[in-house]
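Engineer: Read in order, the letters of the sequence shown are residues 8 to 300 in my numbering. Following this message is one structure expressed as structure tokens.
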Amino acid sequence: MFIARTVAELRQHLAHADKPAFVPTMGNLHQGHASLLRQAKPLGDALVASIFVNRLQFLPHEDFDSYPRTFDNDCALLEALGCDVLFAPLEAELYPQPQTFKVLPDPVLANILEGEFRPGFFTGVCTVVMKLFSCVFNGSAGVALFGQKDYQQQLIIRHMVRQFALPIEIVTCPTTRAPDGLALSSRNMYLSPAERAQAVQLSAALKNLAAHVRDRTASGLDLNLPALEIAAMDQLRSLGWQPDYLTVRHRLDMSPLSAVTDAPLVVLGAAKLGQTRLIDNLELETIASLRSQ
Ligand code: AMP
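So this is what it looks like as structure tokens:
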């Protein structure tokens with residue numbers, strides 16, 4: 008595996024690749040990242056990963072300084088997965104001057120859910136992803152893979168790629184979970200052993216909310232979604248969490264449900280356990296298909 012520290016090294020090394028398959032990460036790699044790399048391998052003629060902890064997507068009070076950096080272990084995992092090129096620039100390489108030109112995502116998509124609780128987060132994400140795409144693909148075609156775990160992120164990136172006519176195919180990969188159901192995340196390492204044992208309650212709450220939607224719909228009851236969402240958040244609160252949101256949305260644009268809908272749905276949640284903020288989501292059938300069951 009070639010480790011490129013500069014944009015010039017990266018471009019030189021990829022000069023003969025017709026279709027790179029690219030997995031951007033912030034490092035501290037786990038089996039969720041590994042599954043993206045495995046899915047990426049057959050999709051291109053060069054498997055490229057990046058490790059860059061992007062300051063632009065952290066708020067001042069967030070964990071930029073303490074974000075886990077495990078470069079040597081990450082390199083060993085990437086080698087074992089058949090990664091051809093790792094792009095691991097220093098901050099001064101990717102942001103030689105303060106990044107004053109930014110990619111502003113559509114506020115309809117980016118100021119809700121994660122964006123409501125982490126203002127500016129998706130501007131930071133879109134800006135770095137656009138810049139990484141420019142470094143890796145250099146204007147030519149390729150494929151980039153993102154995790155469904157960060158549902159809103161992959162959706163916004165899909166919109167960005169479409170609106171800027173980038174010749175890059177976006178592939179979304181299913182969430183990899185620990186045996187108990189907790190979605191793998193670099194931030195899980197902040198959890199104490201007691202919190203780790205409890206952490207599955209977030210995905211359980213999403214499943215439970217989905218089950219309530221299914222039950223009420225199947226039995227022809229009024230859905231009363233706001234009440235179900237409030238009850239789900241109250242339940243998590245009673246277990247010691249501080250939920251930011253637990254909500255059922257349209258899958259294609261994350262808009263709230265106003266009526267019985269034929270569109271596919273997704274249940275999204277974010278909550279803090281102690282000092283650690285976790286997110287998760289799961290897909291749900293359409294209300295119309297539930298009604299006809
Ligand atoms: P990160 O290093 O957290 O920025 O994540 C890099 C990529 O890995 C993103 O596209 C994430 O959505 C994806 N990812 C993170 N955790 C998981 C997981 N548990 N399953 C699948 N993909 C994941």
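Here a beta-carbon is modelled for each residue, glycine too, at the ideal position from N, C-alpha and C.
On the DSSP bridge list, what partners appear for leucine 280?
Structural biologist: Counted from its first residue, the sequence shown places residue 280 at position 273. Trp248, Thr283, per the DSSP bridge assignment.
Engineer: In terms of residue numbering, what span does the beta strand (DSSP E) encompassing cysteine 90 cover?
Structural biologist: For the purposes of this step, residue 90 is taken as residue 83 along the sequence shown, with counting starting at 1. Segment: none, cysteine 90 is in no beta strand (DSSP E) and carries neither H nor E.
Engineer: Does DSSP put proline 31 in a helix, a strand or coil?
Structural biologist: Position 24 of the sequence shown, counted from the start, is the residue given in the question as residue 31. In this structure, proline 31 counts as strand in the three-state DSSP scheme.
Engineer: Suppose you measure from the CA of arginine 223 to the CA of asparagine 288; what does that come to, to the nearest Å?
Structural biologist: Your numbering for residue 223 matches position 216 in the sequence shown. Your numbering for residue 288 matches position 281 in the sequence shown. Approximately 20 Å, taken between the alpha carbons.
Engineer: Quick check: the stretch 114-130 against the stretch 36-53, are at least 3 beta-carbon pairs closer than 8 Å?
Structural biologist: No, because fewer than three Cβ pairs between the stretch 36-53 and the stretch 114-130 fall closer than 8 Å, the two stretches do not touch.
Engineer: Count the other CB atoms within 10 Å of the CB of arginine 256; is the residue buried (16 or more) or exposed (fewer)?
Structural biologist: To locate residue 256, count along the sequence shown from 1; it is residue 249. When all chains shown are included, arginine 256 counts as buried.
Engineer: Taking the runs of the beta strand (DSSP E) that are 3 residues or longer, which of them lie wholly in the stretch 200-247?
Structural biologist: None, since the stretch 200-247 contains no complete beta strand (DSSP E) of that length.
Engineer: Would the C-beta of threonine 130 count as close to the ligand AMP, meaning under 6 Å from any of its heavy atoms?
Structural biologist: As a working mapping, residue 130 is identified with position 123 in the sequence shown. No - the ligand AMP has no heavy atom lying nearer than 6 Å to the Cβ of threonine 130.
Engineer: Does the distance between the C-beta of threonine 224 and the nearest non-hydrogen atom of the ligand AMP fall short of 6 Å?
Structural biologist: As a working note, residue 224 is residue 217 in the sequence shown. Threonine 224 Cβ: outside cutoff for every heavy atom of the ligand AMP.
Engineer: Apart from the five residues just before and just after valine 168, which ones in its own chain have a Cβ nearer than 7 Å to its Cβ?
Structural biologist: Position 161 of the sequence shown holds residue 168. Counting only Cβ-Cβ distances below 7 Å, and skipping sequence neighbours, we find Ile175, Ile177.
Engineer: How many Å lie between leucine 173 and lysine 26 at the Cα?
Structural biologist: Locating residue 173 in the sequence shown gives position 166, counting from the first residue. Locating residue 26 in the sequence shown gives position 19, counting from the first residue. The alpha-carbon atoms of leucine 173 and lysine 26 are separated by roughly 13 Å.
Engineer: Quick one: measure Cβ to Cβ for leucine 17 and alanine 24, integer angstroms, because I've assumed they're closer than 8 Å.
Structural biologist: As a working note, residue 17 is residue 10 in the sequence shown. As a working note, residue 24 is residue 17 in the sequence shown. Incorrect: roughly 11 Å between the Cβ atoms, too far for contact.
Engineer: When DSSP labels each residue in this structure, what does valine 110 get in the three-state scheme?
Structural biologist: Position 103 of the sequence shown, counted from the first residue, corresponds to residue 110. It is coil, neither helix nor strand.
Engineer: Can you tell me the Cα-Cα spacing of aspartate 91 and leucine 230, whole angstroms?
Structural biologist: Mapped onto the sequence shown, residue 91 falls at position 84. Mapped onto the sequence shown, residue 230 falls at position 223. Cα-Cα distance, rounded: 50 Å.
Engineer: Considering Cα atoms alone, identify which of Tyr158, Pro200, Leu246, Ala201 is closest to arginine 258.
Structural biologist: Looking up residue 258 in the sequence shown gives position 251. Checked all of Tyr158, Pro200, Leu246, Ala201; the closest Cα to arginine 258 is Tyr158.
Engineer: Considering only their Cβ atoms, is the gap separating aspartate 251 from alanine 277 smaller than 7 Å?
Structural biologist: Residue numbering aside, residue 277 sits at position 270 when the sequence shown is read from its first letter. Residue numbering aside, residue 251 sits at position 244 when the sequence shown is read from its first letter. In this structure, aspartate 251 lies closer than 7 Å to alanine 277 by Cβ.
Engineer: Spatial neighbours of threonine 183 within its chain, please: C-beta separation below 7 Å, excluding the five flanking residues on both sides.
Structural biologist: Taking the first residue of the sequence shown as position 1, residue 183 is located at position 176. Once the five neighbours on either side are set aside, the close Cβ partners of threonine 183 are Gln38, Gly39, Ser42, Leu191.
Engineer: Use the C-beta contact count for aspartate 52: other C-beta atoms within 10 angstroms, 16 or more gives buried, fewer gives exposed.
Structural biologist: Start at 1 with the first residue of the sequence shown, and residue 52 comes out as number 45. Aspartate 52 comes out exposed.
Engineer: Please tell me whether, using a cut-off of 6 Å, the distance from the CB of lysine 156 to the nearest non-hydrogen atom of the ligand AMP is below it.
Structural biologist: Residue 156 sits at position 149 when you count from the first residue of the sequence shown. Checking the Cβ of lysine 156 against the ligand AMP gives yes.
Engineer: Less than 6 Å between the CB of alanine 190 and some heavy atom of the ligand AMP, yes or no?
Structural biologist: Along the sequence shown, one-based indexing puts residue 190 at 183. Flag set: Cβ of alanine 190 near the ligand AMP.
Engineer: Could you give the C-beta distance for methionine 240 and leucine 253, rounded to a whole number, given that I count them as a contact under 8 Å?
Structural biologist: For the purposes of this step, residue 240 is taken as the residue at position 233 of the sequence shown. For the purposes of this step, residue 253 is taken as the residue at position 246 of the sequence shown. The Cβ separation is near 5 Å, so the contact holds.
Engineer: Does the distance from the C-beta atom of leucine 111 to that of isoleucine 163 stay below 7 Å?
Structural biologist: In the sequence shown, residue 111 corresponds to position 104, counting from 1. In the sequence shown, residue 163 corresponds to position 156, counting from 1. Going by C-beta atoms, leucine 111 is not nearer than 7 Å to isoleucine 163.
Engineer: Pull up the distance between the alpha-carbon of lysine 302 and that of serine 193, whole angstroms please.
Structural biologist: The structure shown does not extend to residue 302, since the chain spans only 8 to 300, so no value can be given for it.
Engineer: Given leucine 101, which residues of its chain have a CB within under 7 Å of its CB, disregarding the five upstream and five downstream residues?
Structural biologist: Within the sequence shown, residue 101 is the residue found at index 94, counting from 1. Here the set comprises Phe59, Lys138.
Engineer: To which residues of the same chain is valine 136 closer than 7 Å at the C-beta, ignoring the five residues directly before and after it?
Structural biologist: Position 129 of the sequence shown holds residue 136. If we look at valine 136 and ignore the five residues flanking it on each side, its Cβ neighbours are Pro31, Ile164.
Engineer: Hey, quick one: how far does the alpha helix (DSSP H) through phenylalanine 144 stretch, first residue to last?
Structural biologist: Within the sequence shown, the letter at position 137 stands for residue 144. Run containing phenylalanine 144: 128-144, per the alpha helix (DSSP H) assignment.
Engineer: How about methionine 8 and leucine 97: do their beta carbons lie closer than 7 Å?
Structural biologist: Taking the first residue of the sequence shown as position 1, residue 8 is located at position 1. Taking the first residue of the sequence shown as position 1, residue 97 is located at position 90. It is not a contact, given that the beta carbons lie outside the stated cut-off.
Engineer: Verify whether the separation of the beta carbon atoms of leucine 209 and leucine 285 is less than 7 Å.
Structural biologist: As a working note, residue 209 is residue 202 in the sequence shown. As a working note, residue 285 is residue 278 in the sequence shown. Yes. Within cutoff.
Engineer: Taking all protein chains shown into account, decide if leucine 66 is buried (16 or more other Cβ within 10 angstroms of its Cβ) or exposed.
Structural biologist: By one-based count along the sequence shown, residue 66 stands at place 59. By the neighbour-count rule (16 or more Cβ atoms within 10 Å), leucine 66 is not buried but exposed.
Engineer: What residue does the alpha helix (DSSP H) around phenylalanine 168 start on, and which one ends it?
Structural biologist: On the sequence shown, residue 168 is found 161 positions in, with the first residue counted as 1. As written in the sequence, residue 168 is valine, which differs from the phenylalanine given in the question. Element bounds for valine 168: 158-170.
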